[in-house]
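Right, one structure below, let's go through it.
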Amino acid sequence: NGGPRIVLGLNPPLPAPNIAYFTVSVRDGANLDAVIERTRHFILTQHPEVEAQPKRFSMGTTEAGIAVYRVIGPDEKVLR
Numbered sequence: 001n002g003g004p005r006i007v008l009g010l011n012p013p014l015p016a017p018n019i020a021y022f023t024v025s026v027r028d029g030a031n032l033d034a035v036i037e038r039t040r041h042f043i044l045t046q047h048p049e050v051e052a053q054p055k056r057f058s059m060g061t062t063e064a065g066i067a068v069y070r071v072i073g074p075d076e077k078v079l080r
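For the sequence shown, position 3 matches number 3 in the UniProt record's numbering, and the numbering has no gaps at all.
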């Protein structure tokens, strides 16, 4: 009964009072790229003062398709 239940343990990368995060549930088989594009268009046209970044939900520690790495060394010129 009711909507889907989700526990979202979110550690926001930029915690601040002017930043918000939310999830949207879609039906199985929904074209997620189209949903994201419609959302971008809606926000841009209806709320141009808002900076929004609609994207797919990632279950990992980083966004899907993004690699995070750290390079360490004594000489910055060599590392670049």
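Ideal Cβ positions, reconstructed from N, Cα and C, are used throughout, including at glycine.
Asked, Found
"Through-space distance from asparagine 18 to proline 74, alpha-carbon basis", "38 Å"
"Rounded distance between the beta-carbons of lysine 55 and isoleucine 36, thought under 8 Å", "7 Å"
"Contacts around phenylalanine 22, its chain only, beta-carbon distance under 8 Å, and the 5 residues preceding and following it disregarded", "none"
"Alpha-carbon spacing of valine 26 relative to aspartate 33, whole angstroms", "12 Å"
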